[in-house]
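**Q** Sharing a structure with you now.
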Amino acid sequence: MKKQPDILCIGSVLWDVIGRAASHMRVGSDVPGRITRLPGGVAMNIAMTLRRFDMTPALLTTIGRDAEGDELQHEAERMGMICDHIYRSDDLPTDVYMAIEGANGLVAAIADAHSLEAAGDKILRPLDNGALGSAVAPYDGPIALDGNLTEELLQDIAQSPLFAKADLRVAPASPGKAERLLALLGHPSATLYVNLEEAGLLCMTQFDDSASAAAALIARGAHRVLVTDGGKSASEGTAGDIITQTPPAVMVTRVTGAGDTFMAAHIASEAQGLDRAAALTRALNAAATYVSGETPL
Numbered sequence: 001m002k003k004q005p006d007i008l009c010i011g012s013v014l015w016d017v018i019g020r021a022a023s024h025m026r027v028g029s030d031v032p033g034r035i036t037r038l039p040g041g042v043a044m045n046i047a048m049t050l051r052r053f054d055m056t057p058a059l060l061t062t063i064g065r066d067a068e069g070d071e072l073q074h075e076a077e078r079m080g081m082i083c084d085h086i087y088r089s090d091d092l093p094t095d096v097y098m099a100i101e102g103a104n105g106l107v108a109a110i111a112d113a114h115s116l117e118a119a120g121d122k123i124l125r126p127l128d129n130g131a132l133g134s135a136v137a138p139y140d141g142p143i144a145l146d147g148n149l150t151e152e153l154l155q156d157i158a159q160s161p162l163f164a165k166a167d168l169r170v171a172p173a174s175p176g177k178a179e180r181l182l183a184l185l186g187h188p189s190a191t192l193y194v195n196l197e198e199a200g201l202l203c204m205t206q207f208d209d210s211a212s213a214a215a216a217l218i219a220r221g222a223h224r225v226l227v228t229d230g231g232k233s234a235s236e237g238t239a240g241d242i243i244t245q246t247p248p249a250v251m252v253t254r255v256t257g258a259g260d261t262f263m264a265a266h267i268a269s270e271a272q273g274l275d276r277a278a279a280l281t282r283a284l285n286a287a288a289t290y291v292s293g294e295t296p297l
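Right, here's the structure in full:
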């Protein structure tokens, strides 16, 4: 297997336990459906999509030295990801995410990413010890970074010489963790991938559309942003230069992982030389195909 990565995926790699029902659900609903367990987490979801675009990601994360962790790493290696640099902890269990989805979308979710938070900067050691880079020769390729890292660690990353030459692509893990990205808002090479709600949290307001949200984030100091708004619109831009497109209309059958799929497809498209408009279109099409259920996770 290829040992030189095309991109680093830093953040959450865990088991997704997803319950899906074909009916509309509300709090207290008890309905028939299907429950699946699949590799997940923001970093893993991004890495899986990157593999479908023939990119080879390396995972920087923590996985427990338990049966669940062994199985999870085996799955990642089987899919063609580089797992040599994963921090395997003797004391921390493998993280897990649990969600309930109905025909009306995500009903509820709990992310137990405490092991990733507890591991802290141990997952970044390969960027400092020469395995992937060092302070004198920092890693200079693309990095997909997820907001499951602690706010303190994200602040350290924003100032660290280990990331000085990287092309940072950053996504919040959820709206509840979006404000952690404030630490990276002014980073000179960071591209932020957020949805409309997350953009509002970062700007402490509400937006009616993705273009106005993108403009506000740039005004707050963001180097570059991509803002999505479900099936309504998506905008990409830098200061004074914002483009907006509408995704294709599809029947939504799943939502968990859609934003990660969009982000990974956009990164891969740019890595393959597509221009801004074409990269945004391809990412929107990939996300639409994903939520329609036509592409396996």
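Every letter in the sequence shown is one number past the one before it in UniProt numbering, and letter 185, counting from 1, is 185. We put the CB at the ideal spot given by N, CA and C, even for glycine.
(1) Measure the C-alpha to C-alpha separation of residue 99 and residue 241 and round it to an integer number of angstroms.
(2) In terms of residues, what are the limits of the alpha helix (DSSP H) holding residue 76?
(3) Around the Cβ of residue 272, are there at least 16 other Cβ atoms within 10 angstroms (buried) or fewer (exposed)?
(4) In whole angstroms, give me the CA-to-CA distance for residue 50 and residue 112.
(5) Going by CA-CA distance only, name the one from 256, 24, 3 that's closest to residue 56.
(6) Using C-beta distances below 7 Å, list every residue in its chain close to residue 183, excluding the 5 sequence neighbours before and after it, in chain order.
(7) Just tell me which of 25, 18, 46 has its CA closest to the CA of residue 34.
(8) Since residue 253 and residue 293 are thought to touch, with beta carbons under 8 Å apart, how far apart are those beta carbons, to the nearest angstrom?
(9) Between residue 5 and the rest of its own chain, which residues show a CB-CB distance below 7 Å, the 5 nearest in sequence each way excluded?
(10) Quick check: the Cα distance between residue 52 and residue 80, rounded to an integer number of angstroms?
(11) Locate the beta strand (DSSP E) running through residue 111, then write down its first and last residues.
(12) Over what stretch of residues does the alpha helix (DSSP H) that includes residue 203 continue unbroken?
(13) Mind checking whether residue 217 and residue 192 have CB atoms under 8 Å apart?
(14) Just checking my contact of residue 265 with residue 234 at CB under 8 Å: how many whole Å lie between their CB atoms?
(15) Helix, strand or coil for residue 289? Go by DSSP, reduced to three states.
(16) Only counting the same chain, and skipping five residues up and downstream in sequence, which positions put a Cβ closer than 6 Å to that of residue 97?
(17) From which residue to which residue does the beta strand (DSSP E) around residue 133 run?
(18) Per the DSSP calculation, residue 227 is bridged to which residue(s)?
(19) Does the beta-carbon distance from residue 180 to residue 147 come in below 8 Å?
(20) Among residues of its own chain, excluding the 5 on either side of residue 149, which ones have a beta-carbon nearer than 8 Å to its beta-carbon?
(21) Which residue from 75, 243, 123 puts its Cα closest to that of residue 213?
(22) Determine the direct distance from the alpha carbon of residue 145 to that of residue 171, and round the result to whole angstroms.
(23) Would you please verify whether the beta carbon of residue 261 is less than 8 Å from any beta carbon of chain D?
**A** This is what the structure holds:
(1) Distance between the alpha carbons of residue 99 and residue 241: 37 Å.
(2) Annotation for residue 76: the continuous alpha helix (DSSP H) segment containing it runs 67 to 78.
(3) When all chains shown are included, residue 272 counts as exposed.
(4) C-alpha of residue 50 to C-alpha of residue 112: approximately 24 Å in a straight line.
(5) Nearest option by C-alpha distance: 3.
(6) The answer, listed in chain order, is 151, 154, 155, 158.
(7) Of the candidates 25, 18, 46, the one whose C-alpha sits nearest the C-alpha of residue 34 is 18.
(8) With a Cβ gap of about 4 Å, residue 253 and residue 293 count as contacting.
(9) Cβ neighbours of residue 5 within its own chain (closer than 7 Å, five residues either side excluded): 56, 57, 58, 82.
(10) Between residue 52 and residue 80, the C-alpha separation is close to 10 Å.
(11) Here the beta strand (DSSP E) through residue 111 covers 105 to 112.
(12) Unbroken alpha helix (DSSP H) run through residue 203: 196 to 203.
(13) Taking 8 Å as the cut-off, the beta carbon of residue 217 is found closer than this to the beta carbon of residue 192.
(14) About 12 Å separates the Cβ atoms of residue 265 and residue 234, ruling out a contact at the 8 Å cut-off.
(15) Here residue 289 sits in helix by DSSP.
(16) Counting only Cβ-Cβ distances below 6 Å, and skipping sequence neighbours, we find 14, 16, 40, 111.
(17) Looking at the DSSP string, residue 133 is not in any beta strand (DSSP E), and its letter there is neither H nor E.
(18) 194, 235, per the DSSP bridge assignment.
(19) It is a contact, given that the beta carbons lie within the stated cut-off.
(20) Closer than 8 Å at the Cβ level, and outside the excluded window around residue 149, lie 10, 11, 116, 117, 157, 180.
(21) Measuring C-alpha to C-alpha distances from residue 213 to each of 75, 243, 123 identifies 243 as the nearest.
(22) Going by the C-alpha atoms only, they are around 6 Å apart.
(23) Judged by its chain identifiers, the structure shown contains no chain D, having just a single protein chain.
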